[in-house]
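Chains as they are written, first to last, in the working numbering: chain A, 2 to 584; chain B, 2 to 532.
Below is one structure, written out as structure tokens; comments come after it.
What follows is the structure in structure tokens.
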């Protein structure tokens, strides 16, 4: 039934397909002929594997790479990477900075905070991350500060994959401030992910196991020999390393045995250190199932011994190297490419990447390099099919339109704006530092919808309302306005020529190339031009004249307003179409 | 393909029929005509509504519906979180089972015959992962089976097979199902598309652009698929938005709901839309926080703490909802049920919490439910191990199937299509329109011992004797993880007492359960294998 209707749709569409981009048309036609019985095979028969991509290198391919590895493709970033080869561009993106962004600041006041609490000593405008606070009110504000800061850090990212990978790890090793509550824990967690963005996966698993936020979040700090708490032991295997689809797989008894290995680690809340309490550790030996070849981890009694038990546990889990490597590579694939992983992709992409991953001692960077430089990644069927998450949509919009936000010299208003953007992501169902559960966001695991989980009858209107607000009225607080400046954006589309935007066709093409990853028809472009730039007239020179008049008298509010309103409505329309939700 | 499906799919339901059916020209009739409906065997006409309440995180059923007859075993297994016996809320007509002290609202409903409690609901070989277990409950799959469609989605697809093509229609102008909130549910996923709408506020909607998409159709590529999906959601939001807003605006006065209770606020929207006249069949609401690994009670007083707040939230919300439905005059039309992806361990942990478990009770509420307690209190063996679980007496899919059959009048053929297997019919709901729904027996008295074993404890073998009243009878043996170890019999008997033998040679020592199922009756018997 499903297949038949797809086929019928395809036949209907083929009559009109001549309006599409030529390259995509030919690609599609050739591939649609491939026989297969899989549900989406007609949509997605990608033959390309991991050979280095050597095709055309234009705005389209660069925008694809940047929208998947950074938050959006600014015009100057596109031009910057156009000057390199695809391989060089990926190498630059994978060279992450060694330093950390400046830490979050105290952007809140002391009202209702216990006068004896440590937070009181933190001066406004300085960072709170090095000062322990036990006060609930203070921590509530710290968490808000952390979230705003995290959004700001993504907006102010450099030309690297670091922030997108930090978000990947956040989704993978999910924790929630709603549970661990302390701002400092969240900062330490976020810093670990950022520092490990393209590092060694096995090292990261060990570090996450002993990260204070995780220890708190999955109850490791309560895990006791007399009543083992399985929370972390389960997710370590199910969500963080092995996945749940292996056959055979770890057993419930393995969860229990791993929980016993992990007993005895405690949090000292006064100074926020982690310590080992020998009396709470299970010192007996732990034997695992046949899946782990009946491995026995000898029980030990002191801190070094308990630490060695964790190493033994991780060594045992990572000895299932095929399962671990394929699970993580599939997650990376779902994050950077698409959620349908058909048999050809498993053979041509997942398995060789997984092999590289385990042979390379669990280093992430080489695996990303192979994937992002590949013919497969740049295949036209891999482009434009990612539905932007709320944070991706919002932050891409801020960056691509280069929306002005106060800098750190006015941190109060800077954080206000970041906080607003965070609040908008929350209503669209993505709260940074508070994913819905330990499984992360459903868009990356929930069959069969995956990315489509982001879009429904409730969240889609909220996306549109946000878009409308950002370009029409703006968000105002404290007399600072957060708003898209369409005229400045238009000028930046044509860095070499102030008069070039006067060609309405070139302008629409440039805007569509930057904002969209999927083609629109010439019919629609023509209708957009007429409706917005020509105000219903038929001659292009009406727009050309309006733009010339503005360039000729930049301080004149009348000529400015003529181009401003038309450009505003043009971009508003482009962002209101469904195409804008894809990257 | 069935004949009625053929008509449903080929005729857009919103237009006057142009064709001849069985030799009658039916052009003169509108689609709403009973004759046309009869000829077409169209969608079942019903004003009944089902409300599904999801308790996210895995609810501790043993502290919600508390076994009084085995109180000491209950207490010994979880002394640090057990509810004091004198605090347990009593239920009319039984001294064996009571409710968490925060659930006064549900206690009232039970005593007014508006609440059914189904004991120990789960499925064989339970999964302890949140998302896998949630998927199992949403899709109604077997433990080891991955389905991409939800059970409600499959039901709605049988009723409205061509959806979303051509919808809304004159006959079904409203959303088929509504999820209150901002996250769509796998339960509403149909074979081709989502069958429901997701809304958080019925009074505001966004007006999308008139021209929702490029006039050129999307190609069959991944991006084409995603683009078509987003456009479909935009289009549906637009089309159904007016209907929902209009329904909401018809209702200007409702009963009181606690403004700090998120579940109550969601149910308030449901009551408003039901009263407002939406033909929507299924509503889904959800509330979270049930993953109580730690600090579910306060050490000083186990009747307060986090789980007590959750219990109050659920009970108060359902009570307010039922009162409101009554005040609005629509309580005849609505039943609801609660569910959670799993229950929790019998034994508590040292963090004043409970880890992921298996079966747990389900509430079914409404003026038209068959009230009472279905099943017996879960068997709690002495000296229970820390990974021992409540073994299921009732398969959750039996409840779904029973509701579809008894509340929505789904016939047996369709039921098989929707539920993918035959499930036991449990007497749960009363809808006279469905006629006799094949509930051929009543649940037997809860004192009647229908399955015993001897010897117990046993070393190698034990004889299991059961009393069947005839018909299909099943005896399974499960371990404490809920895994089916052996099926001792699974066939039709004439009424009487029979004996089968569990050959336990080679099984590890420990607790096992014999699960006896006969018609709508089930019992579980704990058995101990020793050296």
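Even for Gly, the Cβ is constructed at its ideal location relative to N, Cα and C.
Being a predicted model, the structure only gives us computed values, none of them experimental.
Counting along the chain, where does the beta strand (DSSP E) carrying residue i start and finish?
i	result
residue 548 (chain A)	First-last for residue 548 (chain A): 542 to 553, but that is the alpha helix (DSSP H), not the beta strand (DSSP E).
residue 287 (chain B)	283 to 288
residue 232 (chain A)	Residue 232 (chain A) -> not in any beta strand (DSSP E); alpha helix (DSSP H) instead, spanning 232 to 236.
residue 68 (chain B)	66 to 68
Going by DSSP in three states, residue i sits in which element: helix, strand or coil?
i	result
residue 510 (chain B)	coil
residue 560 (chain A)	helix
residue 465 (chain A)	helix
residue 127 (chain B)	coil
residue 35 (chain A)	With a pLDDT of 34 at residue 35 (chain A), under the threshold of 50, the predicted position of this residue should be treated as unreliable, and no value is reported.
residue 476 (chain A)	strand
residue 206 (chain B)	coil
residue 595 (chain A)	The requested residue 595 (chain A) is not part of the displayed model; chain A covers only 2 to 584.
residue 383 (chain A)	helix
residue 527 (chain B)	strand
residue 459 (chain B)	strand
residue 510 (chain A)	helix
residue 228 (chain A)	strand
residue 57 (chain A)	coil
residue 393 (chain B)	coil
residue 363 (chain A)	coil
residue 6 (chain B)	Unreliable placement is indicated for residue 6 (chain B), whose pLDDT of 35 sits below 50; the coordinate value is still reported in the next sentence. Of the three classes helix, strand and coil, the one that applies to residue 6 (chain B) here is helix, per DSSP.
Excluding the 5 residues preceding and the 5 following residue i in the sequence, name in chain order all residues of the same chain whose CB lies nearer than 7 angstroms to its CB.
i	result
residue 471 (chain B)	494, 495, 496
residue 308 (chain B)	61, 64, 293, 297, 298
residue 37 (chain A)	Any reading at residue 37 (chain A) must be qualified, since the residue scores a pLDDT of 35, below 50, and its modelled position is unreliable; the value itself is stated next. 46.
residue 1 (chain B)	The structure shown has nothing for residue 1 (chain B), since chain B only spans 2 to 532.
residue 247 (chain A)	324
residue 568 (chain A)	487, 488, 491
Output the boundary residues of the alpha helix (DSSP H) element that contains residue i.
i	result
residue 267 (chain B)	263 to 276
residue 328 (chain B)	307 to 329
residue 455 (chain B)	No alpha helix (DSSP H) contains residue 455 (chain B), which is instead part of the beta strand (DSSP E) from 452 to 455.
residue 419 (chain A)	412 to 428
residue 55 (chain B)	No alpha helix (DSSP H) holds residue 55 (chain B); the beta strand (DSSP E) holding it covers 50 to 56.
residue 483 (chain A)	First-last for residue 483 (chain A): 481 to 483, but that is the beta strand (DSSP E), not the alpha helix (DSSP H).
residue 72 (chain A)	Neither: residue 72 (chain A) is in no alpha helix (DSSP H) and is coded neither H nor E.
residue 364 (chain B)	From DSSP, residue 364 (chain B) is part of no alpha helix (DSSP H) but of the beta strand (DSSP E) over 361 to 366.
residue 414 (chain B)	413 to 420
residue 341 (chain B)	That residue, residue 341 (chain B), is in no alpha helix (DSSP H); its beta strand (DSSP E) goes 335 to 341.
Near residue i, what residues of its chain come up, given a Cβ to Cβ distance below 6 angstroms and the 5 sequence neighbours on each side ignored?
i	result
residue 484 (chain A)	475
residue 392 (chain A)	426, 431
residue 349 (chain A)	50
residue 518 (chain B)	475
Ignore the nearest five residues each way along the sequence and tell me which others in residue i's own chain have a CB closer than 8 angstroms to its CB.
i	result
residue 39 (chain A)	Note on residue 39 (chain A): pLDDT 41, under 50, position unreliable in the model; the coordinate value appears next. Cβ within range, chain order: 343, 344.
residue 269 (chain B)	255, 258, 321, 322, 325
residue 333 (chain B)	368, 369
Ranges of the alpha helix (DSSP H) found wholly within the region 476 to 524 of chain B, counting only runs of at least 4 | none
Hey, is the region 438 to 456 of chain A in contact with the region 523 to 536 of chain A, meaning 3+ C-beta pairs nearer than 8 angstroms?
-> The way I'd put it, the region 438 to 456 of chain A doesn't touch the region 523 to 536 of chain A; fewer than three beta-carbon pairs between them come closer than 8 angstroms.
Count the C-beta pairs between the region 381 to 393 of chain B and the region 502 to 519 of chain B that are closer than 8 angstroms, then say yes if the count reaches three, no if not.
-> yes
Counting pairs of Cβ atoms below 8 angstroms between the region 464 to 484 of chain A and the region 553 to 561 of chain A, do you hit three or more?
-> no
Complete alpha helix (DSSP H) runs within the region 93 to 167 of chain B (minimum length 4 residues, chain order) = 105 to 112, 131 to 140, 152 to 160
Could I get the ranges of all uninterrupted alpha helix (DSSP H) runs contained in the region 83 to 146 of chain A, with 4 residues as the minimum, in chain order?
-> 87 to 95
Three-pair Cβ contact test at 8 angstroms for the region 342 to 357 of chain B versus the region 93 to 106 of chain B = no
Say whether the region 172 to 184 of chain A touches the region 138 to 154 of chain A, bearing in mind that this needs 3 or more beta-carbon pairs closer than 8 angstroms, one atom from each stretch.
-> yes
Do the region 45 to 58 of chain B and the region 403 to 415 of chain B make contact, defined as three or more Cβ pairs closer than 8 angstroms?
-> yes
So, do the region 220 to 229 of chain B and the region 269 to 278 of chain B have three or more beta carbon pairs nearer to each other than 8 angstroms?
-> no
Count the C-beta pairs between the region 85 to 92 of chain A and the region 52 to 70 of chain A that are closer than 8 angstroms, then say yes if the count reaches three, no if not.
-> yes
Is the region 251 to 266 of chain A close to the region 289 to 296 of chain A, with three or more CB pairs under 8 angstroms?
-> yes
Pair every Cβ in the region 107 to 122 of chain B with every Cβ in the region 373 to 388 of chain B, then say whether three or more of these pairs are closer than 8 angstroms.
-> yes
Is the region 362 to 379 of chain A touching the region 199 to 210 of chain A in the sense that three or more CB pairs, one from each, lie closer than 8 angstroms?
-> Yes, since at least three Cβ pairs between the region 199 to 210 of chain A and the region 362 to 379 of chain A fall closer than 8 angstroms, the two stretches touch.
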